[in-house]
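S.K.: Before anything else, here's the structure in question.
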Amino acid sequence: MNTDHLRAFVLAVDEGTFEAASALLGISGSAFSQRIKALEREVGQVLLTRTIPVRTTDAGAVLLRTARQMMLLEDEARRSLGFRGEAAEVVTLSVAVNADSLFTWFQRVLQEAATWDDVELHVHAEDQEHSHELLRNGTVVAAVAETPVPVSGCRSTALGTMRYWPVASEELLDRHRRSDGVVDWERVPQVDYSIRDSLQRSGLRRLGVTPRVTHLIPSVEAYNAAVAHGLGWGMIPEGMMPPGVMEGEHPDLLVVQEIGPTEAHLHWQRWTTGTPALDRLTESVRRAAARMK
């Protein structure tokens, strides 16, 4: 397949419109449209819906991952060869990382990547339970995932474990104690990071309880602040725990012992397609994860 056509296909998906994608390539809208049509003629199927934003058809979804792999290989080859005297190509690596990892140990990866002039990182914040979906559809080349079973075409490496502790303000729990002193967990609000965040729900299942109120706070800093301010209870990674909470010496926050900790076993899943840039990123992730808390 013509790599110019495949690159146009990938950019159309990423940018959402033919106009934006053609501007990135520096070609006219009609020339861009011709590339997409030529690719569709070659494969004999419609690959993209002509909507805003552009979306893949079922056939396009199948092709997308292969197209991204070919772009990665081509960019690496151009960079290595100094293709036709051009400046070294910058290789784009799209990866999925859960928000808690991104806020803690993965920052060491970003620190290393700051010295890589030949790599452009595109980080997708996605829950570790669902990041494999982005691998499967070709959105990312690697991901921090909870499942150890590798996605087809990928290989999986264990990274380590993040331990989460249920935390609540003492004032919040006192407001929801029954006359016998027992906390009515059905009435205690909980804080989720997103609608796909299952940590709190899995914790309450141990008590056989379903909460009536669930707040959504899609920011690590704001999430921790919401728990500290008593908006609701939540699971906080051990590495982000405010001083004194684990020791029982914090003036307001408590570890909820009856729910107990939850562990997320993290794995690095990456395409088996080997390129120097992806290999370098993988080694950086392994080093950073070795210091995970």
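For the sequence shown, this note's numbering begins at -6 and goes up steadily by one.
For glycine and all other residues, C-beta sits at the position ideal for the given N, C-alpha and C.
From arginine 284 to threonine 255, what does the alpha carbon distance come to, in whole angstroms?
M.R.: Your numbering for residue 284 matches position 291 in the sequence shown. Your numbering for residue 255 matches position 262 in the sequence shown. Roughly 19 Å between the two C-alpha positions.
S.K.: Quick one: using the 10 Å Cβ neighbour count with 16 as the cut-off for buried, is leucine 165 buried or exposed?
M.R.: Counted from its first residue, the sequence shown places residue 165 at position 172. So leucine 165 ends up on the buried side.
S.K.: Scan the stretch 118 to 169 and note each continuous beta strand (DSSP E) run of 3 residues or more that stays entirely inside, going in chain order.
M.R.: Runs of the beta strand (DSSP E) inside the stretch 118 to 169: 135 to 138 and 147 to 162.
S.K.: Look at alanine 5 and leucine 57 and say whether their C-beta atoms are less than 8 Å apart.
M.R.: Translated into positions along the sequence shown, residue 5 becomes position 12. Translated into positions along the sequence shown, residue 57 becomes position 64. Cβ atoms of alanine 5 and leucine 57: not closer than 8 Å.
S.K.: Per DSSP, which residues does alanine 258 bridge with? Please list them.
M.R.: Stepping through the sequence shown from its first residue, residue 258 is reached at position 265. Checking the sequence, you will find histidine at residue 258 rather than alanine. Thr154.
S.K.: Taking 8 Å as the threshold (C-beta atoms), are valine 88 and leucine 65 in contact?
M.R.: To locate residue 65, count along the sequence shown from 1; it is residue 72. To locate residue 88, count along the sequence shown from 1; it is residue 95. Their beta carbons are not under 8 Å apart, which means leucine 65 does not touch valine 88 by this criterion.
S.K.: Measuring CB atoms only, is the stretch 126 to 143 touching the stretch 247 to 266, in the sense that at least three cross pairs come out at less than 8 Å?
M.R.: With a cut-off of 8 Å, the stretch 247 to 266 and the stretch 126 to 143 count as touching, because enough Cβ pairs lie within range.
S.K.: Going by other Cβ atoms of all chains shown within 10 Å of its Cβ, with 16 needed for buried, is glycine 78 buried or exposed?
M.R.: Indexing the sequence shown from 1 puts residue 78 at position 85. Summary for glycine 78: the model assigns pLDDT 49, below 50, so the residue's position carries little reliability; its value from the coordinates is reported in the next sentence. Counting Cβ neighbours within 10 Å, glycine 78 comes out exposed, since fewer than 16 surround it.
S.K.: Let me know if histidine 222 comes out buried or exposed under the rule of 16 or more other beta-carbons within 10 Å of its beta-carbon.
M.R.: Residue mapping note: residue 222 aligns to position 229 of the sequence shown, counting from 1. Counting Cβ neighbours within 10 Å, histidine 222 comes out exposed, since fewer than 16 surround it.
S.K.: So what does glycine 227 bridge to, in DSSP terms?
M.R.: For the purposes of this step, residue 227 is identified with residue 234 of the sequence shown, where counting begins at 1. The partner list for glycine 227 (beta bridge, DSSP) reads Val160.
S.K.: Does the Cβ of proline 230 have 16 or more other Cβ atoms within 10 Å, making it buried, or fewer, making it exposed?
M.R.: The count along the sequence shown starts at 1 and reaches residue 230 at position 237. With 16 or more Cβ atoms within 10 Å of its Cβ, proline 230 is classed as buried.
S.K.: Could you check how far apart the C-beta atoms of proline 141 and glutamate 179 are, in whole angstroms? I think they sit under 8 Å.
M.R.: Position 148 of the sequence shown holds residue 141. Position 186 of the sequence shown holds residue 179. Going by Cβ atoms, the distance from proline 141 to glutamate 179 rounds to 34 Å, so no, they are not a contact pair.
S.K.: Round the Cβ separation of leucine 224 and valine 184 to the nearest angstrom and send it over; I've been treating them as touching at under 8 Å.
M.R.: Along the sequence shown, read from residue 1 onward, the residue named residue 224 stands at position 231. Along the sequence shown, read from residue 1 onward, the residue named residue 184 stands at position 191. Correct: roughly 6 Å between the Cβ atoms.
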